[in-house]
Amino acid sequence: MSRLRILDLPRSLVVRRVVALGNRVEIEVGLRKRSVLCPDCQCPTQRVHSFYQRKLADLPWQGRPATLIVSVPRFFCQAAVCPRRTFVMPLDGITVRHGRQTTRLTDLHYYIAHTLGGSAGARMTVRLCCPISPDTLIRRLLSRARNTRKDMPPTRVVGVDDWAWRRGHHYGTIVVDLEKNDVIDLLPDREAATLAQWLQAHPGVEIIARDRAGAYADGCHRGAPSALQVTDRWHLLKNLSEAFVSILGRFTTTVRTLTRQLSASTTLSETSGTVRTQPEEAQTLIRSVSGERRETLFNEALALKAEGHSTQAIATTIGVERKTVRRWFQRGHAPTWKRTVPTRSILVPYTPHLEKRWSEGCRNSRQLWRELLEQGFAGQYGIVRKWVVTRQGGSAKPVPSAHVAPPLERRLARLLLAEGPLSPGQEGLLVPALLEAEPQLAVTLCWLRKMQTLLRKRGDTCTGGDLKALLEEGKTTLLSRLIPALERDAAAIEASLVTPWTTSPVEGQISRLKMIKRTMFGRAGFELLRARVLQPA
37 MSRLRILDLP RSLVVRRVVA LGNRVEIEVG LRKRSVLCPD CQCPTQRVHS
87 FYQRKLADLP WQGRPATLIV SVPRFFCQAA VCPRRTFVMP LDGITVRHGR
137 QTTRLTDLHY YIAHTLGGSA GARMTVRLCC PISPDTLIRR LLSRARNTRK
187 DMPPTRVVGV DDWAWRRGHH YGTIVVDLEK NDVIDLLPDR EAATLAQWLQ
237 AHPGVEIIAR DRAGAYADGC HRGAPSALQV TDRWHLLKNL SEAFVSILGR
287 FTTTVRTLTR QLSASTTLSE TSGTVRTQPE EAQTLIRSVS GERRETLFNE
337 ALALKAEGHS TQAIATTIGV ERKTVRRWFQ RGHAPTWKRT VPTRSILVPY
387 TPHLEKRWSE GCRNSRQLWR ELLEQGFAGQ YGIVRKWVVT RQGGSAKPVP
437 SAHVAPPLER RLARLLLAEG PLSPGQEGLL VPALLEAEPQ LAVTLCWLRK
487 MQTLLRKRGD TCTGGDLKAL LEEGKTTLLS RLIPALERDA AAIEASLVTP
537 WTTSPVEGQI SRLKMIKRTM FGRAGFELLR ARVLQPA
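Residue numbers (this note's numbering): 37 to 573.
Here is the structure:
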């Protein structure tokens, strides 16, 4: 095997000598070419004027920094009419003009800077035996980012969204190629003029996925009027839900009144009193219900296992952890969780005296403890105090219905928008009572559910006609103030129903951008952040 193959050098070089000097390696090489063209007149020549040496830092070899000592010839130009008399053979593919490192070492430094940044990248280069300063890494990263993005191929489908440089103060715009899931560019702000200017500089864009921000819609119309705009359905659902929550504040009085009425008409107070006066019986009832539920789940797991399902599939189906299902199968039954019988308390012989004093109206735990000490009680004050606290809880009155907190705003919105059946408790009775007392809220809720079904593509057909009919119907609801904005954006909403494009990949790239920004501790400028977020050249 030749020295060239062992050292993995370019084919245009000839190895003459390899010298190991302590902790570094010097490789003396020459050039294979003996003929070259004059850079001015393009006439070939082989007449050598002289030689000079160039020292180029190269990739490390066997854990040592390597230096290429290249013997470069200088040629005469033999054309009589050419003003240039001598010239140097260019080292194409080896280094750049006036370069002091090989091209492949420069590429390695660029990729390290793109991945790790300046300081962390410099520490990594020391470990790789090709040290370089953090500032030089950053300069090479910025230079490569400026030069390579000028020849970017045209993009057909892009996603646009904003990202926070400093939340609440300064925002930028990220542009993502949705077909390749690559970041195309970062813009320093989220103004319509900036986006329009970028789109005009990239005329190949055909589809633009965006959120419902008015600035982006205006920028898309101005920069790419022929492009199809697609609004993000998740953002639209979020806007509708937030608007619905905002109008629920009008019905706070009605909700409070219905909550008090339902609390008074149910047995909630009796149940609360039973739990307080008979804690042992209540705990027994709760444990029995929990045991029956676990037993039912265990029987379902056995049936699925008999059908040949895996443990992971069984755990996912019944909603239990995989380790729990495996432990059930090993034991052969669901755990009963029977508690051990508590030991006899030293306070038991003195309970009649405590009950007598309690009936007489004494509630001072310190006084009761002193009386028991006179009778020979050897326990501490905390034991008596715990008995008093328990006794007070047992004799306390049930919680009055007026103290039951009514569901308001977001909690009430979750109850109203719940898709499954509501619980049979008080909240389950509150929803139909509220809709019956407020007919306008019932109409709004019905319209909102239709919009959710349409935007989630759960219906049999999702067409523009359905959207137009719903928008017309929405003018009679409490959310009518949203209808003008939705009508202006109707074309983008209709496109979202029939095309697969969303801004979900853009959100993922924003998370990556935030991670990169935080690794630079917030000290990087926009140009450096852009160079690291863009895909490496």
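In this text, a Cβ means the ideal position worked out from N, Cα and C, and glycines have one as well. A quick note: this is a predicted structure, and the numbers were derived from the prediction, not measured.
Extent of the continuous alpha helix (DSSP H) run through residue i
i	result
G250	250-259
E445	445-453
R163	155-163
E391	387-395
R349	The identity of residue 349 in the sequence shown is Ala, whereas the question assumes Arg. Where A349 is concerned, the enclosing alpha helix (DSSP H) stretches over 347-354.
T289	288-301
F280	269-283
L409	401-410
Local conformation of residue i per DSSP, three classes
i	result
G418	helix
H150	helix
P468	helix
E563	helix
F112	strand
W201	strand
R363	helix
A432	With a pLDDT of 41 at A432, under the threshold of 50, the predicted position of this residue should be treated as unreliable, though the coordinate-derived value follows. Reduced to three states, the DSSP call for A432 is coil.
Q571	coil
W483	helix
G309	Low per-residue confidence applies at G309: pLDDT is 47, beneath 50, and the placement is therefore not dependable, though the value from the model is reported in the following sentence. In the structure shown, G309 sits in a helix (DSSP, three-state: H, G or I).
L338	helix
L264	strand
G135	coil
D502	helix
P520	helix
Nearest neighbour of residue i, chosen from the options [CA to CA]
i	options	result
G99	G418, L164, D254, S532	L164
T209	L49, L95, W201	W201
T555	K422, W405, G157	G157
L67	A567, V61, V106, F111	V106
K274	R492, D44, T426, R406	R492
C398	L383, A370, P126, R427	R427
V212	F557, T535, S540, A560	S540
L490	L506, L477, V479	L506
R136	E331, L95, W394, S547	L95
A351	A337, A342, E343	A337
H271	R248, C166, N183, W97	R248
S516	T480, A116, L214, H205	T480
A167	N183, R182, T142, M188	Looking at the sequence shown, residue 167 is not Ala but Pro. If we check each option's Cα against that of P167, T142 comes out closest.
C118	G129, L73, T139	L73
A449	A478, T353, E523, P75	A478
L92	A370, L222, V132, Q78	V132
L284	L453, P385, Q366	L453
Beta carbon of residue i nearer than 8 Å to that of residue j
i	j	result
R47	V65	no
A473	L294	yes
F287	L470	yes
H85	R110	yes
L466	L298	yes
R258	A237	no
H145	T122	no
W97	L549	no
K216	M125	no
L408	V420	yes
V196	S532	no
R269	C256	no
V193	I220	no
Backbone CA spacing between residue i and residue j [nearest angstrom]
i	j	result
L152	L178	14 Å
T307	G415	At T307, the pLDDT of 46 sits below 50, so the modelled position is not reliable and the matter cannot be decided from this model.
R83	F112	6 Å
T310	L444	Its pLDDT being 46, under 50, T310 is placed unreliably by the model, and nothing is read from it.
R180	L235	23 Å
Y252	A263	13 Å
H345	I552	43 Å
D44	P190	36 Å
G154	E543	26 Å
Y88	V50	16 Å
R120	Q114	9 Å
E530	K486	15 Å
D128	P224	37 Å
Closer than 8 Å to chain C by CB, residue i
i	result
M487	No chain C appears in the structure shown, which is made up of a single protein chain.
Boundaries of the beta strand (DSSP E) in which residue i is found, first to last residue
i	result
K91	84-97
E619	Nothing can be reported for residue 619, as the shown portion of the chain is limited to 37 through 573.
T122	122-124
V211	206-213
R52	49-57
A245	243-246
L223	218-223
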